[in-house]
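Chains X and Y, in that order, give the protein sequences. Quick note: the first sequence, position 52, residue 52 per the UniProt record's numbering, numbers continuous. Quick note: the second sequence, position 138, residue 138 per the UniProt record's numbering, numbers continuous. Built from N, CA and C at the ideal position, the CB exists for glycine as well. Remarks on the structure that follows.
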Amino acid sequence: MTTLPAQTDRKLGLVIDLDTCVGCHACVVACKGWNTENYGAPLSDQDPYGDDPRGTFLNRVHSYEVQPLATSDMPHPAAQLVHFPKSCLHCEDAPCVTVCPTGASYKRVEDGIVLVNEADCIGCGLCAWACPYGAREMDEAEGVMKKCTLCVDRIYNDNLPEVDRTPACVRTCPAGARHFGDLGDPDSDVSRLVAERGGMDLMPEQGTKPVNQYLPPRMRDEMDQVDVLAPFLDPVAEDAGGFIGWLDKALERI
Amino acid sequence: MNPAPSVIVFTTLSGLGFGLLFWLGLGLPSVTGWSAFAFFTIAYLLAVGGLIASVFHLGHPERALKAFTQWRSSWLSREGWTSVATLLVMALYGAGLVFFDARWWPLGWLGAALALGTVYTTSMIYTQMRTVPRWRTPLTPALYLALALAGGALLAGQVVWALILLPVAAVLQALWWVRGDGALAASGTTLASATGLGPGGGAVRAFEPPHTGTNYLLREFVYVVGRKHALKLRMIALALGYALPVLLLLLPFSHVAAAIAVVSHLAGIAASRWLFFAEAEHVVGLYYGKRAA
C-alpha cells in the first residue's frame, strides 16, 4: 500500500555532520560494497573501465563552496569548502511513496524506513521524479528503482557483532561525521545532537519532513583572512641613503 | 527533464485519441455503421497506440498489471483505471453504433466523461510534482484538457468547436509558458535551501560533483534545452499546432485541407510536448549546480 502511515513507532535515520565530514567518500564505497551484495538487486556499473563509466549509487558526496557575507568584524571572510553526503532522507511525508502505482514503494510503520519491494517495481521512475533530493536511482541493468535501505539488513542482523549493527556508511566513516539512531525519541543521542547543534531539514519548503538531519558547519573562530607575512613585506627603506638610496633614485629615473 | 520519446508519443497521441472519443461519446459527429467504425478505429489506434508507447519506458513492462492496485494514492494508477474504463465503455457504445445502428446514450455520456477523466489523470501525474515547479499549476490540467478537446474536435470534424477551442488552447499554452518561465524562481527552492548552507545570505556554489561521470539523475532530470532553441520551438508549436489548423478550417471545407490541419496540429502539439519535458527544471539539478540561481 503506497499510502503513508499516519505515524511510525520509531523514526530511524541519519544525522550528518557537515562540520566534520572530510569528503573522503569512504561512506560511498562502503555503501556500494554492502548493498551490491545484500538487499535486492546488485548496484550495477555500466562501462566501468571504458570511456563513459557510470553506475548506481545510494549515497553520493557533493562538495560546495560557501562564501560568507562580509561583516564589520570580518570584512574579508574566507570561503569555506563543505563536503555534503546525500542519500535517502526517509521523509515522514515521502512523496516518492504516494506516487508509486504498484505499491512497491512503502514506508515501514515500525521504524519509518522507506523501502522498495523490487518484485513489485515496474521501473516507471515516477518515484525518482517525485524525490527532490535525487535519492533514488534506477538500476540500468535490473530496471528497478534502488535507494538507501538504511542497511535494514545490518541494523537488525543478529549474525553481526553488535558494533556492526549500524548502516555501512556510519560504521565506516573515519571522521565520525555520520550518526545513526531514532530521531523520534527526543532523548536519543542523535536527537540530542540535533538539538545541540541546530540540525536542519534539506529543502523544508518541499514539505517532505525529512527524518535525516544535517548539522551545519560551524563558523570559524578566525574566519578573516590574516596575512601573516604582511608585516614583513612593508616597505622598509622609505628614506634610504648610501648605495641603496642611489640605486633607488637611479631606477626611478629610468 | 529528459524528453523521452515514448512519453511524448504517449501523451500526444493518447490525448488526441481520448479527445476524439469524448466527441464520439456525445454523438458529434452522429455516425453509425462503417463511418462509425472508421472514426472509432482512428480513436482507438491513437489512444491504445499511445498507451502501448508508454509501456516501453518501463523497466519491467511484464509487471504493468500491478499498476492498477494503488488507485487510492497514485495518479498513475488512477490513469490506468480511467483509460481502461474509457476503452471498455466506448467499445460497447461503439459496437452499438457499428453493428446494431443503435445509439446507447448513457454509455456514450459515461464514455465521454471517462475520456476527459483519463486526460485529467494524465495531467495530474505531472501537476502533482512539487519537484518540477514549472508543472505544478492548475494551468497544466487546463492545457491538457483544452488540447484534448480541441484536437478531438478537429479529428471529429466539429469545425465550429475546433475554431473556438484551438484559440482557447493557444491562450492557455501561452499563459502556461509565461508562468513556467518564472516558476522555479517563485518556488523558493534554491541551492541555499537545498543544502542549508550560507546562512545569513552567504553565497553557495557547487564546487565538485560527486563523481566524474554521469548518472541516472543527470540523464533523467537535468536535461535542459537551450533558451534560444526553446523560443524557436515555441513559435513552431504555436504556428503548426494552433494557427495553421485554424486558418485551414476557415477555408472552404476540403478533405485535403482537413487532413493537413490534423497533421499540422499533431506536429505542433508534439513540439509543445517535447518542450513540456525538455524545459522542465527538476529541483535536483540544484545539487549539481545546473540551475541558474
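Report buried or exposed for P48 (chain X), applying the criterion of at least 16 other Cβ atoms within 10 angstroms of its Cβ.
exposed
For the candidate residues X:W34, X:E110 and X:V29, whose alpha-carbon lies nearest to that of Q7 (chain X)?
Of the candidates X:W34, X:E110 and X:V29, the one whose C-alpha sits nearest the C-alpha of Q7 (chain X) is X:E110.
Residues of chain Y with CB under 8 Å from G207 (chain X), in chain order?
R130
Skipping 5 residues on each side, what residues in its chain have a beta carbon closer than 8 Å to that of A293 (chain Y)?
For A293 (chain Y), the predicted structure reports a pLDDT of 42, less than 50, and the residue's modelled location is therefore unreliable. A value from the coordinates is still provided. Hits under 8 Å: T190 and L191.
Going by beta carbon distance, what residues of the same chain come within less than 7 Å of residue 295 (chain Y), once the five residues before and after it are set aside?
The requested residue 295 (chain Y) is not part of the displayed model; chain Y covers only 1 to 293.
Can you list, in chain order, the residues of its chain whose CB lies under 6 Å from that of W71 (chain Y), leaving out five sequence neighbours each side?
Short of 6 Å from the beta carbon of W71 (chain Y), and not among the five residues preceding or following it, lie these beta carbons of its own chain, in chain order: S77, R78 and W81.
Starting from P85 (chain X), follow its DSSP beta bridges and name the residues at the other end.
X:V61
Compare the C-alpha of L233 (chain Y) against each of Y:A257, Y:R205, Y:H211 and Y:A278 and name the closest.
Y:A278
According to DSSP, simplified to helix, strand and coil, what is R78 (chain Y)?
helix
Check whether the Cβ atoms of A146 (chain Y) and V178 (chain Y) sit closer than 9 Å, and answer yes or no.
no
Is the beta carbon of G123 (chain X) sitting closer than 9 Å to the one on L58 (chain Y)?
A Cβ-Cβ contact shorter than 9 Å links G123 (chain X) with L58 (chain Y).
Using a Cβ-based criterion (distance less than 8 Å to any ligand heavy atom), does L89 (chain X) qualify as near the ligand HEM?
Within the structure as shown, the ligand HEM is missing, as the structure has no ligands at all.
Which of the three DSSP states is assigned to L12 (chain X) in this structure?
Three-state DSSP puts L12 (chain X) in a strand.
Quick one: measure Cβ to Cβ for R54 (chain X) and N215 (chain Y), integer angstroms, because I've assumed they're closer than 8 Å.
With 8 Å as the limit, R54 (chain X) and N215 (chain Y) qualify as a contact, their Cβ atoms being about 6 Å apart.
Should residue 300 (chain Y) and G50 (chain Y) be called a contact, given that it needs their Cβ atoms to be closer than 9 Å?
This structure does not reach residue 300 (chain Y), given that chain Y is present from 1 up to 293, and the question cannot be answered.
Let me see if you follow: with CB-CB separation under 9 Å, is P5 (chain X) close to chain Y or not?
no
Grab the span of the beta strand (DSSP E) containing F253 (chain Y) for me, first residue to last.
No beta strand (DSSP E) holds F253 (chain Y); DSSP gives it neither H nor E.
Report buried or exposed for F212 (chain Y), applying the criterion of at least 16 other Cβ atoms within 10 angstroms of its Cβ.
Checking the sequence shown, residue 212 (chain Y) turns out to be Thr, not Phe. Counting Cβ neighbours within 10 Å, T212 (chain Y) comes out exposed, since fewer than 16 surround it.
Could you check whether V114 (chain X) and V99 (chain X) sit closer than 9 Å to each other, using their CB atoms as the reference points?
no
Among the candidates X:D182, X:R165, X:G125 and X:L81, whose CA atom is the shortest distance from the CA of V55 (chain Y)?
X:G125
So for A30 (chain X), helix, strand or coil by DSSP?
helix
Under the three-state reduction of DSSP, which class applies to K228 (chain Y): helix, strand or coil?
helix
Provide the residue span of the beta strand (DSSP E) that contains F180 (chain X), from first to last.
R178 to D182
Could you tell me if H255 (chain Y) is buried or exposed, where buried requires 16 or more neighbouring beta carbons within 10 angstroms of its beta carbon?
So H255 (chain Y) counts as exposed.
Which residues, taken in chain order from the segment 40-61 of chain Y, show a beta carbon closer than 8 Å to some beta carbon of chain X?
H57, L58, G59, H60 and P61
What did DSSP end up calling V204 (chain Y) once you bin it into helix, strand or coil?
strand
Can you give me the start and stop residues for the beta strand (DSSP E) that K107 (chain X) sits inside?
DSSP places K107 (chain X) in the uninterrupted beta strand (DSSP E) bounded by S105 to K107.
Using beta carbons (cut-off 9 Å, strictly below), is P138 (chain Y) in contact with chain X?
no
Using a Cβ-Cβ distance under 9 Å, would W274 (chain Y) count as near chain X?
no
Do R130 (chain Y) and Q206 (chain X) have their C-beta atoms closer together than 9 Å?
yes
What are the partner residues of R54 (chain X), as DSSP defines its beta bridges?
X:Q46
Give the interface partners of G245 (chain X) over in chain Y, defined as CB-CB distance under 7 Å, in chain order.
Correct list: empty, because the minimum Cβ distance to chain Y is about 48 Å.
Per DSSP, what kind of secondary structure is Y39 (chain X) in: helix, strand or coil?
coil
I need the DSSP call for V163 (chain X), collapsed to helix, strand or coil.
helix
Measuring only the C-alpha atoms, how far is R192 (chain X) from K66 (chain Y)?
Taking the straight line joining both Cα atoms gives about 43 Å.
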